[in-house]
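A quick write-up on the structure given underneath.
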Amino acid sequence: MKNLWLVIKREYLTRVRRRAFILATLLTPLGLAVFIAVVQFIFSYENDEVRRIAVVDQGQVFSGQIPDEKGLYFRFEDQPVDSLKARAGEEDGYNAILVIPEVKNPKSQDFRVQFYSDEPLSLDTELAIERRVEKAMRAYKIKTLGLDESALKSLNTDVAIRSQKITVEEGEKADNSMAGIVGAGIGMVMGFMMYLSIFIYGMMVMRSVMEEKMNRIVEVVISSVRPTTLLLGKIIGVGAVGLTQVLAWMVLIPATVFLVTLFFGFDPEAAQQASAANPDIDPEEMQSLVERAIAGVMEMNWWVIIPCFIIYFLGGYFMYAALFAAVGSAMGDDLGEGQSLTIPITIPVILALYIMMAAMQAPNSSLAVGSSFIPLFAPIVMPARLPFEPPAWQIIGSLVIVIAFAAAMVWLAGRIYRVGILNYGKKSSLKDMARWLFSKY
26 MKNLWLVIKR EYLTRVRRRA FILATLLTPL GLAVFIAVVQ FIFSYENDEV RRIAVVDQGQ
86 VFSGQIPDEK GLYFRFEDQP VDSLKARAGE EDGYNAILVI PEVKNPKSQD FRVQFYSDEP
146 LSLDTELAIE RRVEKAMRAY KIKTLGLDES ALKSLNTDVA IRSQKITVEE GEKADNSMAG
206 IVGAGIGMVM GFMMYLSIFI YGMMVMRSVM EEKMNRIVEV VISSVRPTTL LLGKIIGVGA
266 VGLTQVLAWM VLIPATVFLV TLFFGFDPEA AQQASAANPD IDPEEMQSLV ERAIAGVMEM
326 NWWVIIPCFI IYFLGGYFMY AALFAAVGSA MGDDLGEGQS LTIPITIPVI LALYIMMAAM
386 QAPNSSLAVG SSFIPLFAPI VMPARLPFEP PAWQIIGSLV IVIAFAAAMV WLAGRIYRVG
446 ILNYGKKSSL KDMARWLFSK Y
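The opening residue of the sequence shown carries number 26 in this note's numbering; numbering runs sequentially from there.
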């Protein structure tokens, strides 16, 4: 146990003191902050394009019903189009002309207007003009056809599904209508976290093994430490490094995002004006969606999700880190050739990612349930299903399988590691690795 602790301590301290680790830990939140600042600047950038538009309403039905917007100024004119074209470009004239033809059939769903301008029309300006003409056209049709505006609004019905178990007990609340969407979002985040962690820190273990093998340091180390102890110490040490980095990011990233938002400022009034500029966005409906989403997050059974996620994370990490370590010990001096040995490991990880995406749409499908009991898939698929509250027997059974398989992988990887770490000069094949499992030394 003392030797194991020494190996863990060495692996941990050696890596956390490296400049690359410190820079990655500090620069990742900083890079995210710069990204957020740039995105916020882009979306808050105000278009400096100014359009003074002369509106020729040939049917005299829209007069005064097209409001101005910042950068878009409408004025209705009775002059011929040719006269307005002659005035275009003057200091006090217009730089665009909008010709609205006569409305011959108020029931028609197609309506074409003509726009004249020497400058190309930007997409935002085009959409803004279309929205205003559509709004004015709608008001004209309602008035012409004798329709009731309040009756038309009553046709729009907000349907929200509140799912509830058939076996729900009296007094128990029904599930939030956003539970499915919130669960899918949380499951997707946890699945991707597992996917990235397995790849990043599993590859880190493999590189650690390869470095010691190529530098011949391991020959000295194994003279006083058993190979299996060395392997287990590497896996735990690198895992502790990864955990340290994740915990640091959990503190630094929110703090950095908060400081960036505070420094650059967030103008709620400007955001409200931007939402009001788009008639497709209903502020009350958006607020209702946000409130239901927050309620959905709060109603999640986090006392089950978080502990299970941690166990799956540890099981998946030990499982794949052991496999990567075994592959690292079998590689020769040519790292390019040795990369082919990682293919059998990366394929299950990628397949598990795609199965996880399918499980988001159908968390209780045969594919999702079956994959939850396959050890190489379960650490990625099952955490994504946890927000959907799978049966307890599936969670327990899957955890038992993952833990048992992870322990078996560590033991098997140790059998390969003890031989492969001293095998220099050539790349070993999968056949060689299988033979090492049963060798006595």
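Cβ coordinates follow ideal geometry from the N, Cα and C atoms, glycine included.
Let me confirm a value: I33 is counted as buried when at least 16 other C-beta atoms fall within 10 Å, else exposed. Which label applies?
buried
Quick check on the DSSP output: what are the complete beta strand (DSSP E) runs of length 3 or more inside the region 111-185, in order along the chain?
121-125 and 139-141
Since F343 is in the alpha helix (DSSP H), which residue starts that stretch and which ends it?
W327 to A355
Which residue from R77, S397, L378 and G216 puts its Cα closest to that of R112?
R77
In the DSSP assignment, what are the bridge partners of D82?
I125
Need the endpoints of the beta strand (DSSP E) that F101 sits in, please.
L97 to F101
On the DSSP letters alone, give me the boundaries of the alpha helix (DSSP H) that D457 sits inside.
L455 to W461
Within 10 Å of its beta-carbon, does R251 have 16 or more other beta-carbons around it, so buried, or fewer, so exposed?
exposed
Run through the region 355-423 for me and flag every whole beta strand (DSSP E) of 3 or more residues, listed as ranges in chain order.
none
Please state if the CB of Y141 and the CB of K110 are separated by a distance shorter than 8 angstroms.
yes
Could you check which residue in D107, L152 and M162 has the C-alpha nearest to that of Q134?
M162
Buried or exposed by the 16-neighbour rule on C-beta atoms within 10 Å, applied to G321
buried
Can you tell which of F349, K27, V41 and I319 has its C-alpha closest to the C-alpha of Q270?
V41
Nearest-angstrom Cα separation, counted from P145 out to I79
According to the sequence displayed, residue 79 carries Ala and not Ile. About 16 angstroms.
Would the region 399-412 and the region 337-347 be scored as touching if the rule is three or more Cβ pairs under 8 angstroms?
yes
Report all residues from its chain with a CB closer than 6 angstroms to the CB of G84; omit the five preceding and five following residues, and keep chain order.
E127 and V128
How long is the line joining the alpha carbons of D467 and V124, rounded to whole angstroms?
The chain is shown from 26 up to 466; residue 467 falls before or after that span and cannot be answered.
L462 versus I441: straight-line alpha-carbon distance, rounded
6 angstroms
Based on DSSP bridge pairs, tell me the residues matched to R468.
For the chain, the structure presents residues 26 to 466; residue 468 sits outside this window and is missing.
First and last residue of the alpha helix (DSSP H) that includes V32?
K27 to V41
Does the Cβ-Cβ distance between A438 and L376 come in under 8 angstroms?
no
According to the Cβ coordinates, are P412 and M325 closer than 8 angstroms?
yes
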